[in-house]
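Read the structure below first, then the notes.
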Amino acid sequence: MASDKGPSAGDATLIPWEFEGFFDPRELRKETCLLYEIQWGTSHKTWRNSGRNTTNHVEINFIEKFTAERQYCPSIRCSIPWFLSWSPCWECSNAIRGFLSQHPSVTLVIDVARLFWHTDPQNRQGLRDLINSGVTIQIMTVPEYDHCWRNFVNYPPGKEDHWPRYPVLWMKLYALELHCIILNLPPCLKISRRNQHQLTLFRLTLQDCHYQTIPPPILLDMGLIQPLVTWR
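Going by the UniProt record's numbering, the first residue of the sequence shown is number 1, and it counts up by one from there.
Structure (structure tokens):
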């Protein structure tokens, strides 16, 4: 990540309430927002921009914009971190893999606030295929939210430390489900919406295969197993 603090001249920025609406892990907003950075070779300059869904998903818009505006040079390494409010669907995952196969010097890291229709088998397979192709996919945590706030949000003067403090539990729930996807396990996270109150409900349902396959430190961190105590 770039060490520059605050959005620099020319960077596309969000106003605070837009950032909160897009990236709150408790909200199920339909539109997707992408914040991204591009760094070429050994240059310390980072180019930042943002995008949203149009008639295409935002991932497709990025690929089309990148290939249309950039003169690609295979000998120059290119590092691209994405911060997505929703993880890619299976079709976008396939498109990303195709893009990276044509641009082998590009390294892509994807941080997501939420998992898009994570119980759909095709979406789950799409994410696994992306990871197996070398793409890093992870759930946004406190450092990523702080980084995005400082570098993409047009916050009021003196409010650089006032990014929304989302409950860490929601981040852990999505991270646990992402582990299930990576390990090709059944979904363990159920998400539902009570329309009358607009409440998003998260519920964990773990099977024996989850307890047997998910690394114990992850289950321990979630409070799903008790620590092993050795008595002397």
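Beta carbons: idealized from backbone N, C-alpha and C, even for Gly.
Check your understanding: When DSSP builds the beta bridges, which residues end up paired with S192?
Key -> BP columns for S192 point to L201.
Exercise for the section: Could you name the residues of the same chain whose beta carbon sits closer than 7 Å to that of I218, not counting the 5 residues immediately before and after it, in chain order? Expected result: L176, H179
Report task. Report buried or exposed for P81, applying the criterion of at least 16 other Cβ atoms within 10 angstroms of its Cβ. Result -> buried
Considering only the alpha carbon of each residue, which of R97, H57, S93, D111 lies closest to F83?
D111
- Query: If you scan the UniProt domain "CMP/dCMP-type deaminase" (1 to 130) from start to end, which runs of the beta strand (DSSP E) of 3 or more residues do you find wholly inside it?
  - Reply: 33 to 40, 47 to 52, 78 to 84, 106 to 112
Do W90 and T32 have their C-beta atoms closer together than 8 Å? No.
- [ ] Answer with buried or exposed for L169, where buried requires no fewer than 16 other C-beta atoms within 10 angstroms of its C-beta.
- [x] exposed
Exercise. Let me know the secondary structure DSSP gives T136 once reduced to three states.
Key: strand
task: Quick one: residues in its chain with C-beta nearer than 8 Å to the C-beta of R29, no 5 flanking neighbours on either side, listed in chain order?
output: Cβ within range, chain order: G21, F22, S85.
CB contact flag (V106, C78, <8 Å):
Yes. Within cutoff.
Beta carbon of D24, beta carbon of Y174: below 8 Å? no
Item to check | Nearest-angstrom Cα separation, counted from F116 out to S8 | outcome: Because S8 sits at a pLDDT of 46, beneath the cut-off of 50, its placement in the model cannot be relied upon, and the following sentence gives the value as read from the coordinates. For S8 and F116, the distance between alpha carbons rounds to 31 Å.
Using a Cβ-Cβ cutoff of less than 6 Å, which residues in the same chain neighbour I38 once the five nearest sequence positions on both sides are dropped? Cβ neighbours of I38 beyond the five flanking positions: W47, I80.
| field | Member of E59, H103, R124, T67 whose CA lies at the smallest distance from the CA of C92 | value | E59
- Message: I need the boundaries of the alpha helix (DSSP H) containing R165, first residue and last residue.
- Response: From DSSP, R165 is part of no alpha helix (DSSP H); its letter is neither H nor E.
Check this for me: beta carbons of R124 and I181, under 8 Å apart or not? yes
Going by DSSP, what residue range makes up the alpha helix (DSSP H) through L219? 216 to 221
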